[in-house]
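Protein chains: 2
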Amino acid sequence: MRIMRAEQFGLKREVEYGSPEQNEVVRTIVEAVRTEGDAALLKYTEQHDRVKLDAASLRVTQQEIEAAYAKVDAAFLTAIREAAVNIRAFHEKQMRVSWMDLQPDGTLLGQILRPLKRVGVYVPGGKAAYPSSVLMNVIPAQVAGVPEIVMVTPPATGGKEGIDPYILVAAAESGVKEMYRVGGAQAIAALAFGTATIAPVDKICGPGNIYVALAKRAVFGAVDIDSIAGPSEIVVLADDTADASYVAADLLSQAEHDEMSSAILITPSTKLAEAVAAEVERQLATLPREAIARSSVDNYGAALLVDSLKDGIDVVNQLAPEHLEVLTADPMSLLGLIQNAGAIFLGPYSSEPVGDYFAGPNHIIPTNGTARFSSPVNVDDFLKKSSLIYYSKEALMANGDKIITLARHEGLEGHARAIEIRLEKERGIQ
Amino acid sequence: MRIMRAEQFGLKREVEYGSPEQNEVVRTIVEAVRTEGDAALLKYTEQHDRVKLDAASLRVTQQEIEAAYAKVDAAFLTAIREAAVNIRAFHEKQMRVSWMDLQPDGTLLGQILRPLKRVGVYVPGGKAAYPSSVLMNVIPAQVAGVPEIVMVTPPATGGKEGIDPYILVAAAESGVKEMYRVGGAQAIAALAFGTATIAPVDKICGPGNIYVALAKRAVFGAVDIDSIAGPSEIVVLADDTADASYVAADLLSQAEHDEMSSAILITPSTKLAEAVAAEVERQLATLPREAIARSSVDNYGAALLVDSLKDGIDVVNQLAPEHLEVLTADPMSLLGLIQNAGAIFLGPYSSEPVGDYFAGPNHIIPTNGTARFSSPVNVDDFLKKSSLIYYSKEALMANGDKIITLARHEGLEGHARAIEIRLEKERGIQ
Chain E
523 MRIMRAEQFG
533 LKREVEYGSP
543 EQNEVVRTIV
553 EAVRTEGDAA
563 LLKYTEQHDR
573 VKLDAASLRV
583 TQQEIEAAYA
593 KVDAAFLTAI
603 REAAVNIRAF
613 HEKQMRVSWM
623 DLQPDGTLLG
633 QILRPLKRVG
643 VYVPGGKAAY
653 PSSVLMNVIP
663 AQVAGVPEIV
673 MVTPPATGGK
683 EGIDPYILVA
693 AAESGVKEMY
703 RVGGAQAIAA
713 LAFGTATIAP
723 VDKICGPGNI
733 YVALAKRAVF
743 GAVDIDSIAG
753 PSEIVVLADD
763 TADASYVAAD
773 LLSQAEHDEM
783 SSAILITPST
793 KLAEAVAAEV
803 ERQLATLPRE
813 AIARSSVDNY
823 GAALLVDSLK
833 DGIDVVNQLA
843 PEHLEVLTAD
853 PMSLLGLIQN
863 AGAIFLGPYS
873 SEPVGDYFAG
883 PNHIIPTNGT
893 ARFSSPVNVD
903 DFLKKSSLIY
913 YSKEALMANG
923 DKIITLARHE
933 GLEGHARAIE
943 IRLEKERGIQ
Chain H
523 MRIMRAEQFG
533 LKREVEYGSP
543 EQNEVVRTIV
553 EAVRTEGDAA
563 LLKYTEQHDR
573 VKLDAASLRV
583 TQQEIEAAYA
593 KVDAAFLTAI
603 REAAVNIRAF
613 HEKQMRVSWM
623 DLQPDGTLLG
633 QILRPLKRVG
643 VYVPGGKAAY
653 PSSVLMNVIP
663 AQVAGVPEIV
673 MVTPPATGGK
683 EGIDPYILVA
693 AAESGVKEMY
703 RVGGAQAIAA
713 LAFGTATIAP
723 VDKICGPGNI
733 YVALAKRAVF
743 GAVDIDSIAG
753 PSEIVVLADD
763 TADASYVAAD
773 LLSQAEHDEM
783 SSAILITPST
793 KLAEAVAAEV
803 ERQLATLPRE
813 AIARSSVDNY
823 GAALLVDSLK
833 DGIDVVNQLA
843 PEHLEVLTAD
853 PMSLLGLIQN
863 AGAIFLGPYS
873 SEPVGDYFAG
883 PNHIIPTNGT
893 ARFSSPVNVD
903 DFLKKSSLIY
913 YSKEALMANG
923 DKIITLARHE
933 GLEGHARAIE
943 IRLEKERGIQ
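Structure representation (structure tokens):
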């Protein structure tokens, strides 16, 4: 792992918008599903997933879900059930309610919160099919009160038969009652526009490959989408008190995700930087995903030296990492200075996988510097607000002329007259 | 105005993505400003706004703001100050704070809310320069605690000299301290990527023409953007008790916005529908923006007949209008049934301009059916959340094995080892 001064480091990231060819493929698929419905959905499923289905077999049956339960091991089921309890408890604390404010003149103003009606969760096939991500997408929607949550996932991947039973169990455990074996851009289009078999949703979330990401972009507006995740990132801010083996292990836990992942140590301690670099090498040697992790560490990783922890925080705030661990003598004292970080892990026992799997906070977190302005997936993502205005006669009589002044200034005479006609009538009556 | 059964009506709206040529123009401008900074900003300002500036003259001076105050009339200033007080009060009720939850095992979990650091507000030139919209964008950001709010607006429009003084006063009144005379795609690019003169922001909001909208799309990801507004819409749900002249005036107050605006009455009363249609004709005759409003009413407006108010609400929920007025005998009794509407106006005195200008709720509201999943501009739009995890040693020792199980199942051995290395060390120490 490179050791360098923080000033010399430039993290360069690009947003993936896809090639013109990929965009064209997606446009064609989305348009076909939008206009032809199930027929196109089945055609592209056969073409891309090499699975021939009919409309009646798209939906995952209750028997398949029960069969999946028979296949997963007991330790997994225990762990994921407990994780679900924790995730639910954390997200329940995010829940908000409508409010109304009755004013002295009889006017009632308010903000009404309602859940979205129907949400689609995309679960990719293959190695990227993480049961934990199913929980992290479904549970916040459920806590928000979304009555219909539907999962889509490719019918099979590569040589495998059927859908991963762990995914089916994770979905069932988190409360999904409606699942379809469709993936790719065609699944996104079906969720956005609906087909005879799959009713359209209000929002689509969940990760996927480049075609899925481009399809989500293409249907945005017709439905809401979640943010499009970039490669995973971790920054560890540490001082001499940190255990180098912990720091190295945590860096590698992100580096192993993919070659584009970024794992960065920021420290005022050259000694710690050197110890962590040595530990990274030592631990890499026996890591199953060594090649991926090594490429990530070499290309996007570094140990960055700073003059002080406060200078380190400045670098953190510039990077705005997805995950930030603070392994210092007094991590809580630094919390107030951290402006930009999606999830903050404090102290030696808050290893990032604790948050990935179990503690309760969401593991879908803004990447690529977007923690500057966006947030981990949370209950608000599945609620919408409506403003409520019940203006009293007294309020209108008192304020009507001011409203007319503002409307006339903006050249909107129709707006002014909508108020004026009421003032005239009420004054006439009085 | 057409009168028809609700089932016969199809509101067809398309999202405006711009022509390939417009997209290419925007890409060129954005890329030039990103790489060349002020030089490109000034070049395109001269080209598109026909105003030659240098970097030193981009920023609006304190003297200009003072001069603007001298030009606006007193009634306007009074009205906008009072509106600002109401808008601030409403948005302050939306404000939320961070929370932490200390668990029995010593684990601390939480959600930290922080304002974005810097926000850019775009204000279009010309007739679409609405002082009220400045307030509606700036005040929520201010209430959220955004320390830097910067306004950009074209240096002059058409024959006019300089920036509209009403816009400068509205910005100053809502607390903007930093204003630049730049507009168009070049202003959006400057806000997104920064130039020597204009520091980059975290979020860009505010309406603009098609080039501004396309530029916002193009820079999204580097910064956050607000939603891209479509034409304005109003739905009035009314029964026999409604005053046809009020309903007609309110419909026209939206219809006058532009030819694409939509104004729809939904009612079980044929008598009311006919009376409103007659009133619309009568009021149109003397409306200054008659041509616009008539085109809007003819093409996107209608009186829709339904069997009952409840059936009417079903139509409302399908349309998901930006503005909904309920002018019925007991409007409050219908509130619980309204699922999709950006802003809800209840009763005869809650004419929509009350909300556009004065009552307090935001007037920037989801259009084009997106109230199904999105919300009026609000304080949350200027806050970001970070998750906080301070896991205790006790919690890690108790749950570490479950976390390892989940990580290993997902094939992420590095994740498992980050936990395992701690368990082994702590168990060795104990």
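Here the protein sequences come in this chain order: E and H. Reminder that position 42 of the first sequence reads as 564 in our numbering, one-by-one numbering, no gaps. Reminder that position 276 of the second sequence reads as 798 in our numbering, one-by-one numbering, no gaps. Heads up, the beta-carbon is just placed ideally off N, CA and C, and yes, glycines get one too. Keep in mind it's a predicted model, so treat the numbers as computed, not measured.
By Cβ distance, which residues of its chain are closer than 7 Å to residue i, with the 5 residues on each side in sequence left out?
{"i": "E:L635", "result": "R618, V619, S620, L905, K907"}
{"i": "H:V665", "result": "R610, H613, E614, M617, V901"}
{"i": "E:A466", "result": "Given that chain E is displayed from residue 523 to residue 952, the structure contains no residue 466 of chain E and the question cannot be resolved."}
Within the same chain, show all residues whose beta-carbon is closer than 6 Å to that of residue i, passing over the 5 residues directly before and after it, in chain order.
{"i": "E:G559", "result": "T717, A718"}
{"i": "H:G869", "result": "P853"}
{"i": "H:N862", "result": "N839, A842, A893, R894"}
{"i": "E:A917", "result": "D627, T629"}
{"i": "H:D878", "result": "H885"}
Looking only at its chain, what residues have a beta carbon closer than 8 Å to the beta carbon of residue i, apart from the 5 residues adjacent to it on each side?
{"i": "H:A824", "result": "M523, R524, I525, M526, F531, I786, L787"}
{"i": "H:Y768", "result": "L849, P870, S873"}
Show which residues of chain H have a CB atom less than 7 Å away from the CB atom of residue i.
{"i": "E:E604", "result": "K924"}
{"i": "E:Q933", "result": "The sequence shown places Gly at residue 933 of chain E, rather than the Gln named in the question. In chain order: K649."}
{"i": "E:N921", "result": "F880"}
{"i": "E:P875", "result": "I925, A929, H937, A940, I941"}
{"i": "E:R556", "result": "Under the 7 Å cutoff, chain H gives no residues; its nearest Cβ is about 13 Å from E:R556."}
{"i": "E:S914", "result": "Y871"}
{"i": "E:Q616", "result": "Q633"}
{"i": "E:D623", "result": "K615"}
{"i": "E:P883", "result": "L631, S909, I911"}
{"i": "E:A969", "result": "This structure does not reach residue 969 of chain E, given that chain E is present from 523 up to 952, and the question cannot be answered."}
Against residue i, what residues of chain E qualify as contacts under a CB-to-CB distance less than 7 Å, listed in chain order?
{"i": "H:K593", "result": "By Cβ distance, chain E contributes nothing, its closest Cβ being about 12 Å from H:K593, past 7 Å."}
{"i": "H:D746", "result": "F895, S896"}
{"i": "H:D724", "result": "R894, F895"}
{"i": "H:A771", "result": "R939, A940, I943"}
{"i": "H:D902", "result": "D902"}
Sorry if obvious, but does the Cβ on residue i come closer than 7 Å to a heavy atom of the ligand FMN?
{"i": "H:L774", "result": "Absence of the ligand FMN from the depicted structure is noted, as is the absence of any ligand whatsoever, leaving it without description."}
Rank the options by C-alpha distance to the C-alpha of residue i and give the top, closest one.
{"i": "H:H845", "options": "H:M854, H:D836, H:L859, H:D772", "result": "H:D772"}
{"i": "E:G705", "options": "E:K649, E:S818, E:A692, E:H570", "result": "E:H570"}
{"i": "H:D748", "options": "H:P626, H:T557, H:G642, H:S541", "result": "H:G642"}
{"i": "E:R603", "options": "H:K924, H:A694, H:L857", "result": "H:K924"}
{"i": "E:A707", "options": "E:R949, E:I732, E:P722, E:T808", "result": "E:I732"}
{"i": "H:R930", "options": "E:N608, E:R811, E:P669", "result": "E:R811"}
{"i": "E:E932", "options": "H:V723, H:E932, H:G648", "result": "H:G648"}
{"i": "E:L849", "options": "E:I685, E:D762, E:A740, E:K738", "result": "E:D762"}
{"i": "E:S655", "options": "E:H885, E:L831, E:Y539, E:R703", "result": "E:H885"}
{"i": "E:I835", "options": "E:R572, E:G858, E:A578", "result": "E:G858"}
{"i": "H:E942", "options": "E:K947, E:A770, E:E670, E:P687", "result": "E:A770"}
{"i": "E:S896", "options": "H:L774, H:D903, H:I860", "result": "H:D903"}
{"i": "E:K639", "options": "E:Q584, E:V674, E:V723", "result": "E:V723"}
{"i": "E:V828", "options": "E:R572, E:P790, E:S783", "result": "E:P790"}
{"i": "E:R581", "options": "E:V594, E:T600, E:S541, E:I720", "result": "E:I720"}
Whose Cβ in chain E lies nearer than 9 Å to the Cβ of residue i?
{"i": "H:P898", "result": "Q633, K907, S908, S909"}
{"i": "H:L736", "result": "Near H:L736 there are no residues of chain E at all, since even the closest Cβ is about 14 Å away, more than 9 Å."}
Whose Cβ in chain H lies nearer than 9 Å to the Cβ of residue i?
{"i": "E:L638", "result": "R894, F895"}
Can you list the residues of chain H that residue i reaches, using a CB-CB cut of under 8 Å?
{"i": "E:P626", "result": "In chain order: nothing, as chain H lies at least about 13 Å away."}
Mind pulling the chain E residues with CB within less than 8 Å of residue i?
{"i": "H:Y688", "result": "H931"}
Task: Contact between the segment 761–779 of chain H and the segment 738–748 of chain H (3+ Cβ pairs under 8 Å) - done: no
Task: At least three beta-carbon pairs within less than 8 Å, the segment 751–759 of chain E to the segment 886–893 of chain E - done: yes
Open item on the list: Check whether the segment 712–732 of chain H and the segment 802–820 of chain H touch, using three or more Cβ-Cβ pairs below 8 Å as the test.
Closed with: no
Open item on the list: Residues of the segment 796–822 of chain H in Cβ contact with chain E at a cutoff of 8 Å, in chain order, please.
Closed with: Q805, L809, P810, R811, A815
Open item on the list: Taking beta-carbon pairs under 8 Å, can you tell me which members of the segment 702–719 of chain H lie near chain E?
Closed with: none
Open item on the list: I'd like to know if the segment 607–617 of chain H and the segment 928–937 of chain E are in contact, where contact means that at least 3 CB-CB pairs between them fall below 8 Å.
Closed with: no
Task: the segment 568–594 of chain E: positions lying closer than 8 Å to chain H by Cβ - done: none
Open item on the list: For the structure I just gave you, are there three or more beta carbon pairs, one from the segment 909–917 of chain E and one from the segment 869–878 of chain H, closer than 8 Å?
Closed with: yes
- [ ] Could you tell me whether the segment 650–668 of chain E touches the segment 686–704 of chain E, where touching means 3 or more Cβ pairs closer than 8 Å?
- [x] yes
- [ ] Using a Cβ-Cβ cut-off of less than 9 Å, give me the residues of the segment 849–876 of chain E that come near chain H, in sequence order.
- [x] P853, M854, L857, I860, Q861, N862, A863, G864, A865, I866, F867, L868, G869, P870, Y871, S872, S873, E874, P875, V876
TODO: Mind checking the segment 662–674 of chain E against chain H and listing, in chain order, the residues whose C-beta falls within less than 7 Å of any C-beta there?
DONE: none
Open item on the list: Taking contact to mean 3 or more Cβ pairs, one atom from each stretch, closer than 8 Å, check whether the segment 793–804 of chain H and the segment 543–551 of chain H are in contact.
Closed with: no
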